[in-house]
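Engineer: Sharing a structure here in structure tokens format.
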Amino acid sequence: MRSVEAVTVRADDGVARIDRWLRRRYPHLTQGQVEKLLRTGQVRVDGARVKASDRVSPGQVVRVPPLPEGDKRQPASGLSRKDEEFVRALVIHRDDDVIVLNKPHGLAVQGGAKTTRHLDGLLEGLKFDAEKKPKLVHRLDRDTSGCLVLARHPRAAAALGEAFRDRDTDKIYWAIVVGSPRPKTGEIRGWMRKAPGAHDADREMMQRCVQTDEGAVHAITQYVVLSEAAQRASWVGLRPVTGRTHQLRFHMAEIGHAIAGDPKYKCDRPTPNDLVGPLQLYARAIRLPHPSGGELKVIAPTPPHMRAAFAMLGFDESDAKDPFAPFGLKP
31 MRSVEAVTVR ADDGVARIDR WLRRRYPHLT QGQVEKLLRT GQVRVDGARV KASDRVSPGQ
91 VVRVPPLPEG DKRQPASGLS RKDEEFVRAL VIHRDDDVIV LNKPHGLAVQ GGAKTTRHLD
151 GLLEGLKFDA EKKPKLVHRL DRDTSGCLVL ARHPRAAAAL GEAFRDRDTD KIYWAIVVGS
211 PRPKTGEIRG WMRKAPGAHD ADREMMQRCV QTDEGAVHAI TQYVVLSEAA QRASWVGLRP
271 VTGRTHQLRF HMAEIGHAIA GDPKYKCDRP TPNDLVGPLQ LYARAIRLPH PSGGELKVIA
331 PTPPHMRAAF AMLGFDESDA KDPFAPFGLK P
């Protein structure tokens, strides 16, 4: 058993969420273990309690409690050839600062109590010519596929993190929802919070609340109906103005048009039998300021399970050549 450590955040760590900083420094810890350490006040920053979403900066001192040596596993120096080939095949954009992946459905971004295989554990395979592996700067749900952005060094991580925090990004998702939303173009606004007792990512759920409730956050989603299959299902474009956990899934269920295949967020409308299966949601495109100047715009190919659903319902992807246009954003 180790003693209490006082660890100073290094300059090359950049500004980071405390839970992610802990996971990088102590890779043997699961996300659930990290959140428990923070929730119980065993980890402190400059003597103060912190939440998982709070950020640490270079020069701050983190109190780390004793961690059982028996639970610690040294980070692997490399991956198997199969894992390296798998994760590199996901790359749809790479430059000196940024990597964008086309994350597949079913692959968790980070680990949890019951999640041993996840993208965070495969990032060693994406070092390429860099000294250090890239860092996650945002996340997607396990069942959501599409554009996922990684920073290749701390300066890029800081710039990209700021862009996401300041909402200086445009993210467009495609989804197949049950029924036909009316009006065909709209904006969903409301307050939401995490349901009590759901600390593990696999059980995490959001619920409707009011502004004064503890943990309440305001969420805004824009949507556009791109095509319809009678009254059975619709192809919609979604643009999250805010970036809350499960926001798109929660919002579509709230207006009575849940995303097909969603195991958590449902509505009164039945899901057509031929759409029962994987979550019909993916991060189609992202546009954000590039850390070295200019603008980065990446579009991910439609995942196989959604292509199959499009073909079955008669939707034609060419009807929405530029995913940003339906929202009035410049191409």
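Residue numbers for the sequence shown, in our numbering: 31 to 361.
The C-beta atom is built at its ideal place from N, Cα and C for all residues, glycine as well.
1) Identify which residue in E114, S257, T199 has its Cα closest to the Cα of A341.
2) In angstroms with no decimal places, state the Cα-to-Cα distance between A350 and R172.
3) Just to confirm the assignment: which complete alpha helix (DSSP H) runs, minimum length 4, are found wholly within the region 233–293?
4) Nearest-angstrom Cα distance between I111 and L156?
5) Of all the options A339, L326, W204, P321, which has the alpha carbon lying nearest to the alpha carbon of D127?
6) Using 8 Å as the Cβ pair cut-off and three pairs as the minimum, do the region 200–216 and the region 345–360 touch?
7) So what does DSSP say about D352, is it helix, strand or coil?
8) Can you tell me the Cα-Cα spacing of C297 and G286, whole angstroms?
9) Out of H135, R69, Y295, V139, state which residue places its alpha-carbon closest to the alpha-carbon of F280.
10) Buried or exposed: V34, going by 16 or more other Cβ atoms within 10 Å of its Cβ?
11) Tell me whether T174 is buried or exposed, calling it buried when 16 or more other Cβ atoms sit within 10 Å of its Cβ.
12) Look up E65 in the DSSP assignment and give the residues it is bridged to.
13) What does the alpha-carbon distance come out to for the pair G307 and G77?
14) Use the C-beta contact count for Q61: other C-beta atoms within 10 angstroms, 16 or more gives buried, fewer gives exposed.
15) Going by DSSP, what residues sit across from V94 in a beta bridge?
16) Quick check on this structure: which residue in I329, R185, I289, R147 has the alpha carbon closest to the alpha carbon of S87?
17) By how many angstroms is the C-alpha of K224 removed from the C-alpha of R233?
18) Going by other Cβ atoms of all chains shown within 10 Å of its Cβ, with 16 needed for buried, is Q241 buried or exposed?
19) Could you tell me whether any non-hydrogen atom of the ligand NAD is closer than 7 Å to the CB of K224?
20) Beta-carbon separation of L153 and K163 under 8 Å?
21) Starting from D200 and walking both ways along the beta strand (DSSP E), at which residues does that stretch end?
22) To which residues does DSSP link R51 through a beta bridge?
23) Just the C-alpha distance for Q252 and G151, rounded to the nearest angstrom, thanks.
24) Counting only the same chain and skipping the five closest in sequence on each side, list residues whose C-beta sits under 7 Å from that of R93.
25) Among Y312, A82, T146, V271, which residue has its Cα nearest to the Cα of A193?
26) Here's the rule: buried if 16 or more other CB atoms are within 10 angstroms of the residue's CB, otherwise exposed. What is F158?
27) Is it buried or exposed for D198, if we count other Cβ within 10 angstroms and need 16 for buried?
28) DSSP has S322 in a bridge; who is on the other side?
29) Once the 5 residues before and after R299 are set aside, which same chain residues still bring their CB inside 8 Å of it?
30) What is the rounded straight-line gap between the Cα of H135 and the Cα of H276?
31) Taking 8 Å as the threshold (C-beta atoms), are A330 and Y28 in contact?
32) Restricting to Cα atoms, I'd like to know which of K133, L68, P95, Q90 is closest to A82.
33) Note down the Cα distance separating T301 from A260, rounded to an integer number of angstroms.
34) Under 8 Å by Cβ, that's how I've got R182 and A160 pegged, so tell me the actual separation to the nearest angstrom.
Structural biologist: According to the data block:
1) Residue 341 sits at position 311 when you count from the first residue of the sequence shown. For A341, the nearest C-alpha among the options comes from S257.
2) Position 320 of the sequence shown, counted from the first residue, corresponds to residue 350. Position 142 of the sequence shown, counted from the first residue, corresponds to residue 172. Each residue's Cα considered, the two are about 26 Å apart.
3) 277–284
4) Sequence index remark: in the sequence shown, residue 111 carries index 81 (1-based). Sequence index remark: in the sequence shown, residue 156 carries index 126 (1-based). This sequence places Arg at residue 111; Ile is not what is there. If I take the Cα positions, the gap works out to 12 Å.
5) As a first step, residue 127 must be located in the sequence shown, where it is residue number 97. With distances taken between Cα atoms, D127 lies closest to P321.
6) yes
7) Translated into the one-based positions of the sequence shown, residue 352 becomes position 322. In this structure, D352 counts as coil in the three-state DSSP scheme.
8) Locating residue 297 in the sequence shown gives position 267, where the first residue counts as 1. Locating residue 286 in the sequence shown gives position 256, where the first residue counts as 1. Taking the straight line joining both Cα atoms gives about 5 Å.
9) Taking the sequence shown and counting its residues from 1, the one referred to as residue 280 is at position 250. Out of H135, R69, Y295, V139, Y295 has the C-alpha closest to the C-alpha of F280.
10) Locating residue 34 in the sequence shown gives position 4, where the first residue counts as 1. That one is exposed.
11) Within the sequence shown, the letter at position 144 stands for residue 174. That one is buried.
12) On the sequence shown, residue 65 is found 35 positions in, with the first residue counted as 1. Note: E65 sits in no beta bridge, so no partner.
13) To locate residue 307, count along the sequence shown from 1; it is residue 277. To locate residue 77, count along the sequence shown from 1; it is residue 47. Those two C-alpha atoms are separated by around 48 Å.
14) Sequence index remark: in the sequence shown, residue 61 carries index 31 (1-based). The residue in question, Q61, is buried, as its Cβ has 16 or more Cβ neighbours within 10 Å.
15) The residue labelled residue 94 in the question sits at position 64 within the sequence shown. E35.
16) Taking the first residue of the sequence shown as position 1, residue 87 is located at position 57. It is R185 whose Cα lies nearest to the Cα of S87.
17) Along the sequence shown, one-based indexing puts residue 233 at 203. Along the sequence shown, one-based indexing puts residue 224 at 194. Straight-line Cα distance between these residues: approximately 10 Å.
18) Position 211 of the sequence shown holds residue 241. Q241 comes out exposed.
19) Absence of the ligand NAD from the depicted structure is noted, as is the absence of any ligand whatsoever, leaving it without description.
20) Here residue 153 refers to the residue found at position 123 of the sequence shown. Here residue 163 refers to the residue found at position 133 of the sequence shown. Result yes, Cβ atoms of L153 and K163 sit closer than 8 Å.
21) The residue labelled residue 200 in the question sits at position 170 within the sequence shown. First-last of the beta strand (DSSP E) with D200: 200–208.
22) Here residue 51 is taken as the residue at index 21 of the sequence shown, counted from 1. According to the sequence provided, residue 51 is Trp. The question's Arg does not apply to it. BP columns for W51 are empty, so no partner.
23) Locating residue 252 in the sequence shown gives position 222, counting from the first residue. Locating residue 151 in the sequence shown gives position 121, counting from the first residue. Computed Cα separation, rounded: 33 Å.
24) Here residue 93 is taken as the residue at index 63 of the sequence shown, counted from 1. For R93, where only same-chain residues beyond five positions count, the Cβ hits under 7 Å are V34, A36, V73, R74.
25) Counting from 1 along the sequence shown, the entry for residue 193 is found at position 163. Comparing Cα positions, the closest option is V271.
26) Locating residue 158 in the sequence shown gives position 128, counting from the first residue. Exposed, because fewer than 16 other Cβ atoms sit within 10 Å of the Cβ of F158.
27) Working through the sequence shown from its first residue, we reach residue 198 at position 168. Per the 10 Å Cβ criterion, exposed.
28) Sequence index remark: in the sequence shown, residue 322 carries index 292 (1-based). Partner(s): none; S322 has no beta bridge.
29) As a working note, residue 299 is residue 269 in the sequence shown. Only V208, G209, G286, H287, A288 meet the Cβ criterion.
30) Within the sequence shown, residue 135 is the residue found at index 105, counting from 1. Within the sequence shown, residue 276 is the residue found at index 246, counting from 1. Taking the straight line joining both Cα atoms gives about 15 Å.
31) The requested residue 28 does not occur in the structure, where the chain is confined to residues 31 to 361.
32) By 1-based counting over the sequence shown, the position of residue 82 is 52. Taking only the C-alpha atoms, the option nearest A82 is L68.
33) Walking along the sequence shown from the start, residue 301 turns up at place 271. Walking along the sequence shown from the start, residue 260 turns up at place 230. Each residue's alpha carbon lies about 14 Å from the other.
34) Residue 182 sits at position 152 when you count from the first residue of the sequence shown. Residue 160 sits at position 130 when you count from the first residue of the sequence shown. Contact holds; Cβ gap of about 6 Å.
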